[in-house]
Amino acid sequence: MPTVLANLAEDATWGTETQITEVPWYPVRSGREGIAEYFATMMREVEFEKFDPTLFVGEGDEVVVCTDITYRLRKNGKVVPTGSLHRIQMRDGLLVKFRAFEDTASVRDAWVS
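So the number in the numbering used here is just where the residue sits in the sequence shown, counting from 1, plus 22.
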């Protein structure tokens, strides 16, 4: 992750905009330290059985990536397949905003069960 962190703007934000609070990697985090915490949380809590970007659509300083994901939750072994959209915004060659959109209810249900 050092390459990702080195290419973040100082005011970068990263996360999933959702009302769901139970899933520890969903909160939007700010700055390199906060985003490093996001990656540490993901590595601690999730094993990716599948992470396949399938489509990239870009315009100007933005790109949207369609991704097929299958999570295995480390705390309970639950497997959660979900499609995900990743919206990435850049400024002056640095990432300023990353938002993930996925079936947050299914992920939460697997997390809390």
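Heads up, the beta-carbon is just placed ideally off N, CA and C, and yes, glycines get one too.
Report the residue from Phe-70, Val-45 and Ile-57 whose alpha carbon sits nearest the alpha carbon of Tyr-93. Nearest of Phe-70, Val-45 and Ile-57 to Tyr-93, Cα basis: Phe-70.
May I ask you to report which of helix, strand or coil DSSP gives Val-50? In the three-state scheme derived from DSSP, where H, G and I count as helix and E and B as strand, Val-50 is classed as coil.
Buried or exposed: Ala-132, going by 16 or more other Cβ atoms within 10 Å of its Cβ? Burial state of Ala-132 is buried, judged by a 10 Å Cβ sphere holding 16 or more other Cβ atoms.
Under 8 Å Cβ to Cβ from Arg-66, same chain only, skipping five residues before and after it: list those, please. Only Arg-96 meet the Cβ criterion.
Report the CB separation of Phe-61 from Met-23 in whole angstroms; it is logged as a contact under 8 Å. Yes, they are in contact, since the Cβ atoms of Phe-61 and Met-23 sit about 5 Å apart, within 8 Å.
Can you say whether Ala-28 is buried or exposed, counting buried as having 16 or more other CB atoms within 10 angstroms of its CB? Here Ala-28 is exposed. Its C-beta has fewer than 16 other C-beta atoms within 10 Å.
Gly-105 versus Gly-82 - alpha carbon distance: Within the model, the alpha-carbon separation for Gly-105 versus Gly-82 is close to 24 Å.
Looking only at DSSP bridge pairs, what is Asp-131 linked to? Beta-bridge partners assigned by DSSP to Asp-131: none are found.
Per-residue burial, Thr-38 [other beta carbons within 10 Å of its own, 16 or more giving buried]: Result: buried.
Per DSSP, cross-strand counterpart(s) of Gly-105: Bridge partners of Gly-105: Asp-90.
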